[in-house]
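Here's the structure we're looking at; comments come further down.
Structure below.
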């Protein structure tokens with residue numbers, strides 16, 4: 001693909017003739033020898049992805065430090081039980097009981113294990129160290145206590161080389177999360193409306209609003225606002241309240257009808273009126 005004065009790039013895909021599963025993806029740039037991306041996908045008999053291996057052929061990207069061999073294991077219910085990166089691609093099929101710190105490596109190493117309860121909820125996450133040591137951080141998940149339903153998560157607790165920490169979550173009768181207490185994060189109170197939408201989220205350092213048209217982000221003791229739509233006006237209290245107004249201008253003729261008139265008397269307006277919503 002030619003993009004003018006710059007160098008183009010071509011991405012190619014290969015599929016298995018029998019299963020039609022994606023087996024290879026390669027990225028080739030003009031004026032560059034070899035591939036910058038050469039990914040191979042491995043599967044088990046039922047279609048779970050068991051390996052994603054990237055070994056670029058570009059001389060600049062050659063070497064074990066640029067290779068990425070991601071390996072995945074599953075249980076009998078096709079739930080992910082392990083995900084890790086092998087220093088040697090040949091070890092990707094190794095059982096988790098056989099994996100040792102020296103087996104982990106690659107361009108972006110990680111090593112995680114997962115456990116589940118009979119309902120399918122994740123109950124345990126183990127994040128192993130990738131620096132060659134045996135350190136690991138274990139996170140336990142607790143379900144179905146207090147006001148939470150059988151799948152709602154009331155609390156987590158983590159223990160690792162850097163110490164321990166915990167998080168708690170509270171829900172209302174409809175299952176909405178109304179309180180979130182996380183480590184190193186201000187306590188958050190979430191408010192829900194009758195339609196099940198989240199119109200407000202309050203923290204100790206300010207107010208955060210999250211909606212499709214606008215998003216407010218707390219920074220320090222004050223709150224700033226970023227928008228994905230048209231500009232609007234925002235008034236923020238330091239700790240508890242938020243008022244916002246948004247305006248939207250139409251670029252097309254608008255058909256409007258005054259209260260009390262019939263559709264036949266509706267007039268066509270060629271102006272571009274401004275509508276304002278209070279959020």
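Residue numbers (the UniProt record's numbering): 1 to 279. Virtual Cβ for every residue (Gly too), placed ideally from N, Cα, C.
What do you get for residue i, buried or exposed, if any count of 16 or more other CB atoms within 10 angstroms of its CB means buried?
i: residue 128; result: buried
i: residue 16; result: exposed
i: residue 196; result: exposed
i: residue 77; result: exposed
i: residue 46; result: exposed
i: residue 99; result: buried
Among the options, which has the Cα closest to the Cα of residue i?
i: residue 188; options: 195, 200, 196, 38; result: 200
i: residue 140; options: 197, 167, 78; result: 167
i: residue 103; options: 26, 88, 62; result: 88
i: residue 170; options: 186, 184, 33, 145; result: 145
i: residue 319; options: 173, 119, 138; result: Past the edges of the chain, shown from 1 to 279, lies residue 319, and the structure says nothing about it.
i: residue 117; options: 75, 157, 94; result: 75
i: residue 121; options: 44, 134, 156, 32; result: 156
i: residue 19; options: 172, 48, 63; result: 48
i: residue 84; options: 52, 64, 63; result: 52
Would DSSP call residue i helix, strand or coil?
i: residue 38; result: strand
i: residue 30; result: coil
i: residue 167; result: strand
i: residue 67; result: coil
i: residue 46; result: coil
i: residue 99; result: coil
i: residue 90; result: helix
i: residue 125; result: strand
i: residue 11; result: strand
i: residue 140; result: strand
i: residue 61; result: helix
i: residue 119; result: coil
i: residue 110; result: coil
i: residue 153; result: coil
i: residue 202; result: strand
i: residue 53; result: strand
i: residue 133; result: coil
i: residue 191; result: strand
i: residue 79; result: coil
Could you tell me the alpha carbon to alpha carbon distance between residue i and residue j, rounded to whole angstroms?
i: residue 178; j: residue 159; result: 26 Å
i: residue 21; j: residue 194; result: 44 Å
i: residue 37; j: residue 73; result: 24 Å
i: residue 86; j: residue 192; result: 45 Å
i: residue 91; j: residue 110; result: 15 Å
i: residue 136; j: residue 161; result: 7 Å
i: residue 80; j: residue 6; result: 42 Å
i: residue 149; j: residue 143; result: 8 Å
i: residue 183; j: residue 153; result: 16 Å
i: residue 131; j: residue 164; result: 20 Å
i: residue 42; j: residue 198; result: 41 Å
i: residue 105; j: residue 190; result: 41 Å
i: residue 50; j: residue 24; result: 14 Å
i: residue 96; j: residue 82; result: 7 Å
i: residue 44; j: residue 61; result: 29 Å
i: residue 63; j: residue 12; result: 23 Å
Quick one: residues in its chain with C-beta nearer than 6 Å to the C-beta of residue i, no 5 flanking neighbours on either side, listed in chain order?
i: residue 54; result: 39, 68
i: residue 115; result: 123, 124
i: residue 126; result: 113, 136, 138
i: residue 30; result: 7, 8
i: residue 180; result: 169, 188
i: residue 172; result: 178
Beta-carbon within less than 7 Å of residue i's beta-carbon, same chain only, minus the 5 sequence neighbours each way: which residues are those?
i: residue 203; result: 186, 187, 188, 218
i: residue 66; result: 56, 107
i: residue 133; result: 101
i: residue 14; result: 23, 24
Ordered along the chain, which non-local residues of its own chain (more than five positions away) have a Cβ less than 8 Å from that of residue i?
i: residue 35; result: 26, 27, 28, 56, 57, 58
i: residue 94; result: 71, 86, 103
i: residue 33; result: 58, 59
For the ligand FAD, is there any heavy atom lying closer than 6 Å to the beta carbon of residue i?
i: residue 174; result: Questions concerning the ligand FAD fall outside what the structure shown contains, since it holds no ligand whatsoever.
Check the Cβ-Cβ distances between residue i and every residue of chain C, and say whether any is below 7 Å.
i: residue 178; result: Structure shown: chain C not included; a single protein chain is present.
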